[in-house]
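This report refers to the structure that appears directly beneath it.
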Amino acid sequence: MVCVQEAVNISLRNLKSYPFVKDRLNKGTLNLIGARYDFVHGSFETWNA
50 MVCVQEAVNI SLRNLKSYPF VKDRLNKGTL NLIGARYDFV HGSFETWNA
């Protein structure tokens with residue numbers, strides 16, 4: 050599951066590279082969170098980007 054979480058983190062970092070995303074993050078009008086659903090256990094995990 051660590052690989053899945055790291056893949057999400059990489060995607061979140063890529064999103065932060067867009068100027069319009071970075072601008073809204075700095076203004077506080079956007080919040081990015083990572084998320085992972087475990088189908089086997091039926092659990093959903095989120096974390097701050």
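Numbering of the sequence shown is given in our numbering, commencing with residue 50 and proceeding in unit increments.
Using N, Cα and C, we set each Cβ at its ideal position, and we do this for glycine too.
- In the DSSP assignment, A84 falls within the unbroken beta strand (DSSP E) covering 82-87.
- Taking the C-beta atoms as reference points, R85 is found nearer than 8 Å to V53.
- Within the same chain, and ignoring the five residues on either side of L79 in sequence, the residues whose Cβ sits closer than 8 Å to its Cβ are V70, R73.
- In the DSSP secondary-structure assignment, T95 is bridged to A84.
- For D87, same chain residues with a beta-carbon under 8 Å away, outside a window of 5 residues either side, are M50, F93, E94 in chain order.
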